[in-house]
Amino acid sequence: MKILMVSSEAVPFAKTGGLADAVSALSIALARLGHEVKIVMPRYYGVDKDVLSPLEGEMGVPMGQGVEEWCAVFKTELPGSPPALPVEVFFIDHEIFFGRDGVYGTPADPDFGDNPRRFAFFSRAAFQLCYKLQWFPDVFHAHDWPGALVSVFLKHGLRYGPLEKSVSVLTIHNLGYQGVYHKDNFAYTGLDWNVYYEGGFEDWNMINMLKAGICCADRLNTVSRTYCEETKGEAYGCRLDGALRSRGECYCGILNGVDADLWNPEKDAYIPQRYSAAAPGGKAAAKKELLRVFGLPDNPDAPTLGMITRLVGQKGVGELFGPSYGSAYSICKEMDLNFVLLGTGESWCENELRHLSSELSNFKAHIGYSEKLGHLIEAGSDFFLMPSRYEPCGLNQMYSLAYGTLPIVRNTGGLADTVRNYDEATGEGTGFMFNDLTPQAIYNTVGWAVWAYYNRPEHIAKMRERGMKLDFSWESSARKYVQMYRDAGVYAP
Ligand code: ADP
Ligand code: GLC
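Encoded structure:
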């Protein structure tokens, strides 16, 4: 099959969250299965043009009402893709839309005012790229609201000629971000006004780009089965539960995988000593290095609790770092452990973390983004905390399992699908789970894990080993995507 991934992020070029990991890893897994995959994404300021090859000539993108936007296109190969069938990445280069810092916004301005226009342009450009390359995909696979209009364009106007048999698939990585903007922005789509209603844009007199994608995609999915079910109900549906339910069997859940070339203690270049389930010795070296780097006392006998997160409400940071009893402050004051955190996000939370770091001798936060520290935390921690309010899939709990670090997670979404709760009687399980998002539940569950660490070391050792042996490879997920493409109507032998 010929597959075009339309995404606003892809590692190693631009990343604000797990979407970037998922798009690149899925593309590589599909190519390994023998499919021809290309990715199209914007050329943000941070992507150095000098290492890319330019395509010849400018490309015009119709934006409606006779307006055409002109852009350049660059390309490169995705690192890690199979040499026999490399994944090509195409960058849409438009100075006014993408020649600035930030993907969707900046800390001071988290949602650029012209985002609907930027991403309508980008989604439309994906089609122009096909004509420019004279390469016509069987599947347009769009991701999240920035790519969602691809499904709308295909259904309402562009499914003709060489694209007559093409289908569109939409993957929802996070229902919390929908691309809702003033209705005036509809003009930038260049679509007829009747599509405002028929295409599903309408949302209390605004435009909702994700909702339009949900209505128009031939098939859609989210990134775990539990989150798929959750989003069909009001509590997790972010107002789109009705739209999702109405898609019936066309909406499913497919779990993300882990890129075993990047997240693997046997190959990891960021950690002091490599290790595996059979030879786990290097984990202690990683713990020592972690404590050193974070400036914590070298206390190998106490458990280390790690966390890597965007500091936003979705991740449960309000409950963990808010002022209530049971929060991180009491965890660190009352339990014999070390707590390290890596993250960026909302400023109240960053301030609180700085405050805790200065107040507590066993807590240290690094405010910032660092791949290296991310790997070191995964390897050097004993436990990894994810008290998410909701979690479509979550990657870090799977990375943790692979590194022999036991996840402490809320029982929701992809966390529920990847972690099995500890059973004190038998020692079964791969992590520690709780249901309610309250400071008390987080406190109690961390306390439970710490208790097991000190009192049931043989269970902990077994659980680590069990986690490290789990298989979260992308291959089986990629096969499910291929099945979804077929269900959407792609015929391929
Ligand atoms: P989400 O996409 O909702 O943020 P995921 O668990 O799917 O959650 O993916 C988050 C990804 O981003 C992981 O690869 C994680 O390691 C990484 N990450 C998040 N914050 C940071 C940070 N401050 N530094 C390094 N990596 C980070
Ligand atoms: C989103 C979700 C996260 C998921 C990631 C990749 O950012 O919040 O749970 O793992 O996308 O699909």
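Here the numbering used here is used: the first residue of the sequence shown is 706, the next is one more, and so on.
All residues carry an ideal CB built from backbone N, CA and C; glycine is no exception.
It should be emphasised that the depicted structure is a prediction, and the values quoted were computed from it without experimental measurement.
(1) Counting only runs of 3+ residues fully inside the stretch 779-834, write out the beta strand (DSSP E) ranges in chain order.
(2) Let me check understanding here. Comparing Cα to Cα, which of 1055, 1117, 1013, 1092 lies closest to residue 1081?
(3) Would you decide whether residue 1188 is buried or exposed? Buried here means 16 or more other CB atoms lie within 10 Å of its CB.
(4) When DSSP builds the beta bridges, which residues end up paired with residue 776?
(5) Identify every run of the alpha helix (DSSP H) within the stretch 1032-1107, keeping only runs that are complete inside it and at least 4 residues long; order them along the chain.
(6) Let's test the definition: count the other Cβ atoms within 10 Å of the Cβ of residue 789 and tell me whether it reaches 16, buried, or not, exposed.
(7) So who's on the other strand from residue 744, going by DSSP bridges?
(8) Could you work out which residue in 744, 706, 1180, 824 is closest to residue 963 when comparing CA atoms only?
(9) When we look at the beta-carbon of residue 954 and count the other beta-carbons within 10 Å, is it buried (16 or more) or exposed?
(10) Write down the C-beta distance between residue 987 and residue 979 rounded to the nearest angstrom, noting that I regard them as a contact closer than 8 Å.
(11) Can you tell me the Cβ-Cβ gap for residue 928 and residue 878, rounded? I've got them flagged as a contact below 8 Å.
(12) Could you say which of 1025, 1039, 1128 lies nearest to residue 1161 if we only look at CA atoms?
(13) Tell me the start and end of each unbroken beta strand (DSSP E) in the stretch 890-963 that is at least 3 residues and wholly inside, in chain order.
(14) Of all the beta strand (DSSP E) runs that stay within the bounds of the stretch 1135-1181, which reach a length of 3 or more residues?
(15) Determine the direct distance from the alpha carbon of residue 1151 to that of residue 906, and round the result to whole angstroms.
(16) If you follow the beta strand (DSSP E) that residue 998 is part of, which residue opens it and which one closes it?
(17) Quick one: residues in its chain with C-beta nearer than 6 Å to the C-beta of residue 1028, no 5 flanking neighbours on either side, listed in chain order?
(18) Given 7 Å as the limit, tell me if residue 1075 has its C-beta closer than that to any heavy atom belonging to the ligand MN.
(19) For residue 1119, is the beta carbon positioned less than 7 Å from some heavy atom of the ligand GLC?
(20) Taking only three categories from DSSP, how would you classify residue 862?
(21) Heavy atom of the ligand GLC less than 7 Å from the Cβ of residue 1098, yes or no?
(22) Along the alpha helix (DSSP H) that carries residue 730, what are the first and last residues, could you check?
(23) Quick one: does the C-beta of residue 1016 sit closer than 7 Å to a heavy atom of the ligand GLC?
(24) Taking buried to mean at least 16 other C-beta atoms within 10 Å of its own C-beta, is residue 1159 buried or exposed?
(25) Terminal residues of the continuous beta strand (DSSP E) containing residue 875?
(26) If you draw a straight line from the alpha carbon of residue 992 to that of residue 1166, how long is it in whole angstroms?
(27) Using a Cβ-Cβ cut-off of 7 Å (strictly less than) and excluding sequence neighbours within five positions of residue 1192, which residues of its own chain qualify?
(28) What number of angstroms, rounded off, separates the C-alpha of residue 1196 from the C-alpha of residue 811?
(29) Are there three or more Cβ pairs, one per stretch, closer than 8 Å when the stretch 790-798 is compared with the stretch 742-754?
(30) Which same chain residues end up closer than 8 Å to residue 720 when comparing Cβ atoms and leaving out the 5 residues on each side of it in sequence?
(31) Short of 8 Å in beta carbon distance, which residues of its chain neighbour residue 892, apart from the five on each side in sequence? Order them along the chain.
(32) Using the beta-carbon count (16 or more within 10 Å), is residue 883 buried or exposed?
(33) If you draw a straight line from the alpha carbon of residue 904 to that of residue 914, how long is it in whole angstroms?
(34) Under 8 Å: do the stretch 964-983 and the stretch 1070-1087 share three or more Cβ pairs, one atom per stretch?
(35) Tell whether a beta-carbon distance below 8 Å holds between residue 784 and residue 824.
(36) Going by DSSP, which residues form a beta bridge with residue 1112?
In terms of the structure at hand:
(1) 793-798
(2) 1013
(3) exposed
(4) 764
(5) 1033-1039, 1052-1064, 1076-1085, 1101-1107
(6) Residue 789 comes out exposed.
(7) 710, 794
(8) 1180
(9) exposed
(10) 6 Å
(11) 6 Å
(12) 1128
(13) 911-913, 924-927, 956-958
(14) With a minimum length of 3 residues, the continuous beta strand (DSSP E) runs that stay inside the stretch 1135-1181 are 1137-1139.
(15) 43 Å
(16) Residue 998 -> not in any beta strand (DSSP E); alpha helix (DSSP H) instead, spanning 987-998.
(17) none
(18) Here the bound small molecules are the ligand ADP and the ligand GLC; the ligand MN is not part of this structure.
(19) Yes.
(20) helix
(21) yes
(22) 723-737
(23) no
(24) The residue is exposed, with fewer than 16 neighbouring Cβ atoms inside 10 Å.
(25) 872-877
(26) Across the structure, residue 992 and residue 1166 are spaced so that their CA atoms are roughly 16 Å apart.
(27) 924
(28) Straight through space, the alpha carbons of residue 811 and residue 1196 are spaced by roughly 43 Å.
(29) Yes, the stretch 790-798 touches the stretch 742-754.
(30) 714, 726
(31) 769, 770
(32) By the 10 Å Cβ count, residue 883 comes out buried.
(33) 10 Å
(34) yes
(35) no
(36) 1089
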